[in-house]
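Chemist: Quick one: the structure is below, and I'll ask about it shortly.
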Amino acid sequence: MSQAEIASDGTRPLLSLRDINITFGGVRALKDVSFEVRPGEVHCLAGENGSGKSTLIKIITGVYRPAPGAQIEYDGETYSHMSPVTAQQKGIQVIWQDLALFPEMSVAENIAFQTVLGRWPRLVNYRKIRSLAINALKRLGVAFDVDLPLKEFAIAQRQIVAIARALVGEAKIVFMDEPTASLTQSETDHLLDIVRTLSAEGVAVVFVSHRLAEVLEISSRLTVLRDGAMVGVYPTSGMTQSRITELMTGKNFDNHVRAAPKDDQPVVLDVRSLTRHGQFADISLTVKRGETLGITGLLGAGRTELALALFGMTRPHAGTITLDGKQVEFSSNRDAIKAGVAYLSEDRLSLGLIQPQSIADNLVIASLPKIQAGGFLSDEKKETLVAGWIRELGVKIGQQQDAVSTLSGGNQQRIAIAKWLATSPKLLILDAPTVGVDVGARAGIFDIVAKLAATGLAIILISDEVPEVYFNADRVLHMKQGRIVGAFDPRQNSLQDIEAAVYA
Ligand SMILES: Nc1ncnc2c1ncn2[C@@H]1O[C@H](COP(=O)(O)OP(=O)(O)OP(=O)(O)O)[C@@H](O)[C@H]1O
Ligand SMILES: [Mg+2]
C-alpha cells in the first residue's frame, strides 16, 4: 500500500492516519497502518478476527495511544494521538458493541445528557434534553417515547438511541463496530438506511461487519487489514464477497454442497409434534447419527425457542422428545447435558462465557468430570484438554490463564464452541454459531462441524443465513411463525429456491 495511492483521489480526507503501530504484551497488533476517511463517506473496515479493526478504532477515538511516530490528521489539525475527550469534542463518535448506555435513564437523557453537561452553562433542563433528543431521533426517521426508561427498548432500538446520541454530539464521523451482529434482518435493513441518512447529511461512517453482503451494500470504499497489517484500500464497486475474503485471508474458500450422508445410520433425536404455546407448534423432526440438520427462517420464527426446549431450558406443552430410542423429559439443562445434548446459544454479547474468568476455566466448565482424577480436579488433564481444543479450533490466545475478555470477539466465539465440544455430546445444537465470526474462521468452524459429524455426532445447525445451512447441512428445514413450513435437500434444491422461500 503506497501513500500515493491513498492520496491519488483529489478529495480532501476528513481523517487521515499514517504509521500507526501498537504493541500489546510484545505482540504487534497494528503494523504501519494507514487509514483515511473522506467527509460523508461510508467506509468499511474489513479483516479476520483479531486483525486489529477494533484496535484501530480505539486509537482513533483515544482509548489507546499509538507508538511514537504516528500521525493523525483530522479536520485540518494534526495530532500525535487522540484523547477520548478531544475526540468527542471534535465530533468523532463511536457506537460501541455494548452501546455504553444507561438502562435506568430515560431515552431523552441517554441521548442528550452528556452533551448538555459538556456545554456551558451547565443548566440541566429536562425540556432542553427532551427536545434535543426528539430532534436527533427525527433526523433518523424514528419517533420513540423519549420519557420511557431505555431498559424498555429492544437492542435494535437502543442502538438507534446510541446513534442519536452521536448526532447530538455533532458527529462528523461515526464508528460502528459490528453494529448488526445482534440484529434481525429487518432491523439490519433499518440500520443500513440510517447509515445512508447519516452519509447523505455529510456524516462519515466507518462500519465494521463480518457480513460481507452488508459491506458490499453499504460502503463506497473499504480498507482491508490482515494480521494487523494493511492489505489495501479499495472501491467497493466491482468487489465481490469472495474477492474480499481472499484479500482478508490470502486464501480462497469455495463452497460445496455436502456429499450425501450414509443413510443406514440410527436416529439420535426423534421429535414428535412438539408444541409450546405461543412459541412453536407441532414440530416433528429427526436427526441421525452423523447427520447435520439445518434449521433456517427469519429471526423470531421460533427456532431458538425450539432449541431451548430440546436443551431442557423450557418445557414443551405437548409432544415427545426421544434420544437414542429413549423418551426423555428434561426438567433442566443439567438433565439435557447429562443425556448428551449440548447447546451453543446465540447470545452474542455473553456467549455463555464468564468474561473475567480465564480461557481455561471457561472452556472446561461444562465438562468437569473429564478433568478429574481420583475425585480431584487434575490441572494436568485440564491443561491438556484446553490445549487440545485451542489447537483444534485454531484459537489465537496468549496464555490459558488469560481472561476470556482479552480475546477478540471471534476468538471468544471459538472458546464458546470448544466449551460444548469438550462435553463430547451426542447431539450438538449450534444456534447462530458464526455471528461475529470472520469468513476464514467460519470455514474453520464448519470444517470442525463436518469432522464432528463424521465421528457420528448428530448436529442441529440454526442460522438465519440461508447459505450457511445450505452449504453445511445435509437437510434444511424452514421454520416460520413457530412451525416447520418447508423441507429442502441441498443436493436437489438450489440455494435460490430456499432463499426465495425464506425471504418471501
Ligand atoms: N487490551 C489488549 N490487551 C492485549 N491484547 C489485545 C488488547 N486489545 C487487542 N488485543 C489484541 O490485538 C489483536 C487485535 O484485536 P482486535 O480486537 O483489534 O481485533 P478485531 O479485528 O476487532 O477482531 P474481531 O473481528 O474478532 O472483533 C488481537 O490479537 C487481540 O488479542
Ligand atoms: Mg473487533
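The sequence shown begins at 75 in the working numbering and counts up one residue at a time. For every residue, glycine included, the Cβ atom is placed at its ideal position computed from N, Cα and C. Remember, it's a predicted structure, so these values are computed and weren't measured experimentally.
#1: Can you grab the Cα-Cα spacing for the pair residue 296 / residue 124, in whole Å?
#2: Give me the Cβ distance between residue 178 and residue 514, rounded to the nearest whole Å; I'm assuming they're in contact under 8 Å.
#3: Compute every distance between the C-beta of residue 263 and the non-hydrogen atoms of ligand 1, then say whether any falls below 7 Å.
#4: Cβ-heavy atom distance between residue 598 and ligand 2 below 7 Å?
#5: Looking at residue 483 and residue 518, is the spacing between their C-beta atoms short of 8 Å?
#6: In the DSSP assignment, what residue or residues form a beta bridge with residue 155?
#7: Hey, which unbroken runs of the alpha helix (DSSP H) at 4 residues or more fall wholly within the stretch 291-359?
#8: Taking all protein chains shown into account, do 16 or more other C-beta atoms lie within 10 angstroms of the C-beta of residue 473, making it buried, or fewer, making it exposed?
#9: Under the criterion of a Cβ to heavy atom distance below 7 Å, does residue 251 qualify as lining ligand 2?
#10: Using a Cβ-Cβ cut-off of 6 Å (strictly less than) and excluding sequence neighbours within five positions of residue 157, which residues of its own chain qualify?
#11: For the pair the stretch 226-245 and the stretch 256-265, tell me if three or more CB-CB distances fall below 8 Å.
#12: Please report the distance separating the alpha-carbon of residue 488 from that of residue 250.
#13: Output the distance between the C-alpha atoms of residue 496 and residue 242, rounded to the nearest integer angstrom.
#14: Given this structure, state the Cα-to-Cα distance separating residue 544 from residue 233, to the nearest angstrom.
#15: Residue 278 to residue 307, Cα distance in whole Å?
#16: Just the Cα atoms here: how many angstroms apart are residue 78 and residue 354?
#17: With DSSP collapsed to three states, give me the class of residue 161.
#18: Could you give the distance in angstroms between the alpha-carbon of residue 579 and the alpha-carbon of residue 181?
#19: Please classify residue 508 as buried or exposed, where buried requires at least 16 neighbouring CB atoms within 10 angstroms.
#20: At a cut-off of 7 Å, is residue 470 close to ligand 1 when judged by its beta-carbon and the heavy atoms of the ligand?
#21: With distances taken from CA atoms, which of 386, 129 and 219 is nearest residue 408?
#22: Check whether the Cβ of residue 127 lies closer than 7 Å to any heavy atom of ligand 2, and answer yes or no.
#23: Taking its Cβ as the centre, do 16 or more other Cβ atoms sit within 10 Å of residue 88, making it buried, or is it exposed?
#24: Just to confirm the assignment, what range does the beta strand (DSSP E) spanning residue 117 have?
#25: Would you mind listing the alpha helix (DSSP H) stretches within the stretch 199-240 that are 4+ residues and don't spill past its ends, in chain order?
#26: Hey, would you say the C-beta of residue 482 is under 7 Å away from at least one heavy atom of ligand 2?
#27: Tell me whether the stretch 128-144 and the stretch 311-325 touch, counting them as touching only if at least three CB pairs, one residue from each stretch, are closer than 8 Å.
#28: Would you decide whether residue 288 is buried or exposed? Buried here means 16 or more other CB atoms lie within 10 Å of its CB.
Modeler: The relevant details are as follows:
#1: Counting from 1 along the sequence shown, the entry for residue 296 is found at position 222. Counting from 1 along the sequence shown, the entry for residue 124 is found at position 50. Taking the straight line from one Cα to the other gives about 18 Å.
#2: One-based indexing of the sequence shown puts residue 178 at position 104. One-based indexing of the sequence shown puts residue 514 at position 440. Their Cβ separation, rounded to whole angstroms, is 40 Å, which puts residue 178 and residue 514 out of contact at 8 Å.
#3: If you number the sequence shown from 1, residue 263 lands on position 189. No, the beta carbon of residue 263 sits no closer than 7 Å to any heavy atom of ligand 1.
#4: The structure shown does not extend to residue 598, since the chain spans only 75 to 578, so no value can be given for it.
#5: Position 444 of the sequence shown, counting from 1, holds the residue named residue 518. Position 409 of the sequence shown, counting from 1, holds the residue named residue 483. Contact flag unset, no.
#6: If you number the sequence shown from 1, residue 155 lands on position 81. Paired residue(s): none; residue 155 is not in a bridge.
#7: 315-323
#8: Within the sequence shown, numbered from 1, the residue matching residue 473 stands at position 399. Residue 473 comes out exposed.
#9: Counted from its first residue, the sequence shown places residue 251 at position 177. Result yes, Cβ under 7 Å from ligand 2.
#10: For the purposes of this step, residue 157 is taken as the residue at position 83 of the sequence shown. Within the same chain, residue 157 has close Cβ partners 136.
#11: yes
#12: In the sequence shown, residue 488 corresponds to position 414, counting from 1. In the sequence shown, residue 250 corresponds to position 176, counting from 1. Computed Cα separation, rounded: 23 Å.
#13: Here residue 496 corresponds to residue number 422 of the sequence shown, with the count starting at 1. Here residue 242 corresponds to residue number 168 of the sequence shown, with the count starting at 1. Approximately 48 Å, taken between the alpha carbons.
#14: As a working note, residue 544 is residue 470 in the sequence shown. As a working note, residue 233 is residue 159 in the sequence shown. Taking the straight line from one Cα to the other gives about 31 Å.
#15: As a first step, residue 278 must be located in the sequence shown, where it is residue number 204. As a first step, residue 307 must be located in the sequence shown, where it is residue number 233. Approximately 16 Å between the Cα atoms of the pair.
#16: On the sequence shown, residue 78 is found 4 positions in, with the first residue counted as 1. On the sequence shown, residue 354 is found 280 positions in, with the first residue counted as 1. The predicted position of residue 78 is uncertain, since its pLDDT is 36 and thus under 50; a value taken from the coordinates is nonetheless stated next. Those two C-alpha atoms are separated by around 58 Å.
#17: Against the sequence shown, residue 161 aligns to sequence position 87. The answer is helix: DSSP assigns residue 161 an H, G or I state.
#18: There is no way to answer for residue 579, as the model of the chain reaches only from 75 to 578.
#19: The residue labelled residue 508 in the question sits at position 434 within the sequence shown. Buried: at least 16 other Cβ atoms inside 10 Å.
#20: On the sequence shown, residue 470 is found 396 positions in, with the first residue counted as 1. Flag set: Cβ of residue 470 near ligand 1.
#21: Translated into the one-based positions of the sequence shown, residue 408 becomes position 334. Residue 408 has its Cα closest to that of 386, out of 386, 129 and 219.
#22: Translated into the one-based positions of the sequence shown, residue 127 becomes position 53. For ligand 2, at least one heavy atom lies less than 7 Å from the Cβ of residue 127.
#23: The residue you call residue 88 lines up with position 14 of the sequence shown. Label assigned to residue 88: buried.
#24: Residue mapping note: residue 117 aligns to position 43 of the sequence shown, counting from 1. Unbroken beta strand (DSSP E) run through residue 117: 116-120.
#25: 200-213
#26: Counted from its first residue, the sequence shown places residue 482 at position 408. Checking the Cβ of residue 482 against ligand 2 gives yes.
#27: no
#28: Here residue 288 refers to the residue found at position 214 when the sequence shown is read from its first residue. The residue is buried, with at least 16 neighbouring Cβ atoms inside 10 Å.
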